Amino acid sequence: MAKLSLFARRARRVRTALKARSGGRPRLSVHRTGRHIYAQIIDDAQGRTLAAANTLGGKGTDKDAATRVGKELAEAAKKAGVTSVVFDRGGFLFHGRVKALAEAAREGGLEF
């Protein structure tokens, strides 16, 4: 079996820790590319996505765009009846656009 990349090892470590302390709360998962950022709230018990937001559609690629995605996600979560989540940064460092998205989601009313 091939060795896992540093990114994959970091992602596995983060998700393992999340599962241990999630307490049945949905997971706010973030994915970042060079051009876009995606976020979704996933209920792992049911295996379905409760809310999602992204920068597709020409919303930009900077921290301001990530902030808008965080606010949109918080609004969608409220509509779905979700107030408390666990933050899954995957293998991405909690810095820059990922941090901006998380702070905006907190300001929008999500607790994590």
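With the working numbering, the residue at position 4 of the sequence shown is 4, and numbering never jumps.
Ideal Cβ positions, reconstructed from N, Cα and C, are used throughout, including at glycine.
Remember, predicted model here, so these are calculated numbers, not experimental data.
Check: Buried versus exposed call for Ser113 [16 or more other C-beta atoms within 10 Å across all chains shown]; Outcome: Residue 113 falls outside the range modelled here, since the chain spans only 1 to 112, and no answer is possible.
Check: Per DSSP, the bridge partner or partners of Arg84; Outcome: The sequence as given places Ser at residue 84; Arg does not occur at that position. DSSP output for Ser84 lists Glu111 as bridge partner(s).
Check: For Ser29 and Arg9, the rounded distance between their alpha carbons; Outcome: 16 Å
Check: Contact test: Leu101 Cβ vs the ligand NAD heavy atom, cutoff 8 Å; Outcome: Absence of the ligand NAD is noted for the structure shown, with no ligands found whatsoever.
Check: C-alpha gap between Asp88 and Val14, whole angstroms; Outcome: 7 Å
Check: For Ser29, the residue or residues it bridges with in DSSP; Outcome: Gln40, Asp88
Check: Buried versus exposed call for Thr33 [16 or more other C-beta atoms within 10 Å across all chains shown]; Outcome: exposed
Check: Residue from Asp43, Leu101, Gly90 whose Cα sits closest to the Cα of Gly24; Outcome: Asp43
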